[in-house]
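Before any comments, here is the structure.
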Amino acid sequence: MEAMRQAIAVNLSIDPERLRIYDPRSQSVIGVTGERWQIFYGDQWHDLPWHFDGPLCVDRALVRKWLDKSKASGA
Numbered sequence: 023m024e025a026m027r028q029a030i031a032v033n034l035s036i037d038p039e040r041l042r043i044y045d046p047r048s049q050s051v052i053g054v055t056g057e058r059w060q061i062f063y064g065d066q067w068h069d070l071p072w073h074f075d076g077p078l079c080v081d082r083a084l085v086r087k088w089l090d091k092s093k094a095s096g097a
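Be aware that the sequence shown starts at 23, since it is given in my numbering, and climbs by one per residue.
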C-alpha cells in the first residue's frame, strides 16, 4: 500500500501525506466496496477521482475537474 501511495503522489506531484486509504469506520458510503483512496484537497478529505485504469492514471486535471465540480454542486 505504501508503494502505491508513493506512486500516486509522484504522479500527482503532491506530498504523499495528502493521500490515505479510506477508513470504513470514518463514514459509510452505500454501494462502495474495496480499496478506496482519499486525497486532502481544499482543506478536507475527498475520495480520489475514479479512473477506469486505476488510481495511478488519475492526474491533477482530473482531480481539479472532479472535486471542483462536486464543490459547485454542493456535494
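Just so it is clear, CB atoms sit at the ideal spot from N, CA and C, and this is done for glycine as well.
Have a look at glutamate 57 and cysteine 79 and give me their C-alpha separation to the nearest angstrom. 16 angstroms
Histidine 73 and leucine 84 look like a contact to me (Cβ under 8 angstroms); what is the Cβ gap, rounded to whole Å? 7 angstroms
Through-space distance from serine 35 to leucine 41, alpha-carbon basis: 12 angstroms
Opposing strand residues paired with aspartate 81 [DSSP bridges]: Aspartate 81 is not bridged to any residue.
Looking only at its own chain, which residues have a Cβ that is under 7 angstroms from the Cβ of leucine 70, when we skip the five neighbours before and after it? Trp59, Gln60, Ile61, Pro77, Val80
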